[in-house]
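Here is the structure we will look at, set down as structure tokens.
Numbering (full-length UniProt numbering), first residue to last: 1 to 250.
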């Protein structure tokens with residue numbers, strides 16, 4: 001993965017810990033290589049610059065060290081030295097710019113398939129993976145929230161049903177208590193009324209028993225009378241037979 005992509009992912013904060021460690025090592029290696037390249041360029045520039053510096057030093061030497069020249073000559077030589085130094089500086093800048101322009105394409109020449117394979121495809125793959133992870137995490141969060149909502153709804157319904165059951169049980173208990181109280185009051189009134197009715201019934205039962213006893217006595221007396229009447233009739237019949245027998249003898 002290229003440093004540009006690494007910096008891009010690091011700026012987007014989409015690198016994992018392992019990728020941070022791996023890319024930090026690669027970054028240190030790249031920094032060392034870039035430092036070495038800059039040192040080599042500075043050395044080459046330092047080797048090339050002394051010639052121009054020597055020329056410029058010759059041009060900018062202190063006039064006091066040389067022979068004193070007239071004022072007009074000094075102004076002419078000084079103006080010529082300034083012009084030469086400016087021309088030399090422009091030449092040096094032009095050569096440095098030309099050298100940099102010549103060297104840059106050599107460093108930046110990259111084949112398009114390699115660039116596509118190394119940077120774009122890897123970037124697309126990485127972004128696809130991140131997108132899939134984000135989608136999975138979003139789906140997981142959605143399902144978690146859905147389950148939480150369902151559990152909250154179930155808990156609310158269970159609490160509601162429990163409260164309703166408690167209320168219904170309390171209402172049923174109150175109804176049962178009221179029913180028991182009404183039944184007990186009715187039973188008490190019925191027992192009182194039955195007791196009131198039992199007294200005349202008992203009196204009537206006693207009267208019936210008396211009538212039965214009297215009837216039994218009457219039946220006994222009647223049987224005795226019948227027996228007595230039968231005895232009398234038998235006696236009368238026997239007396240008549242005797243009288244008839246005596247009359248026949250006479």
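Where is the CB? At the ideal position from N, CA and C, for every residue including glycine.
Discussion item. Tell me the rounded alpha-carbon separation between residue 149 and residue 161.
Written reply: Your numbering for residue 149 matches position 149 in the chain shown. Your numbering for residue 161 matches position 161 in the chain shown. Taking the Cα positions, residue 149 is about 18 Å away from residue 161.
Worksheet item: Roughly how many angstroms separate the alpha carbons of residue 211 and residue 199, rounded to a whole number?
Response: In the chain shown, counting from the first residue as 1, residue 211 sits at position 211. In the chain shown, counting from the first residue as 1, residue 199 sits at position 199. Each residue's alpha carbon lies about 18 Å from the other.
Worksheet item: Going along the chain, which unbroken runs of the beta strand (DSSP E) with 3 or more residues stay wholly within the stretch 160-228?
Response: none
Worksheet item: Out of curiosity, what's the CA-to-CA distance linking residue 178 and residue 167?
Response: Reading the chain shown from its first residue, position 178 is the one you call residue 178. Reading the chain shown from its first residue, position 167 is the one you call residue 167. Those two C-alpha atoms are separated by around 16 Å.
Worksheet item: How long is the line joining the alpha carbons of residue 224 and residue 218, rounded to whole angstroms?
Response: Position 224 of the chain shown, counting from 1, holds the residue named residue 224. Position 218 of the chain shown, counting from 1, holds the residue named residue 218. Near 10 Å, if we compare the C-alpha coordinates of residue 218 and residue 224.
Worksheet item: Just the Cα atoms here: how many angstroms apart are residue 196 and residue 190?
Response: For the purposes of this step, residue 196 is taken as the residue at position 196 of the chain shown. For the purposes of this step, residue 190 is taken as the residue at position 190 of the chain shown. Their backbone Cα atoms lie some 10 Å apart in a straight line.
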